[in-house]
Amino acid sequence: QIEHWLRRIIHSALQNNSDVKTYSEGEEPFRRVVIELNRNI
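When we follow full-length UniProt numbering, the leftmost residue of the sequence shown carries the number 1, and every step to the right adds one.
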């Protein structure tokens, strides 16, 4: 499991990277960050 503040850091760190997209899925306490390659590359 990953803390909500750490998920936020990951999203923020990657938000300007056009090669990937991030989103969270699942329910606490098993919520997770998903990092996907952008298919528009």
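By construction, the Cβ of each residue, glycine as well, lies at the ideal position given by its N, Cα and C atoms.
Residue i: first and last residue of the uninterrupted alpha helix (DSSP H) it sits in
i   : result
S12 : H4 to L14
Residues bridged to residue i (per DSSP)
i   : result
E36 : K21
Straight-line gap, residue i to residue j (C-alpha atoms, nearest Å)
i   : j   : result
L14 : R7  : 11 Å
R39 : R31 : 24 Å
Beta-carbon spacing of residue i, residue j below 8 Å
i   : j   : result
T22 : H11 : yes
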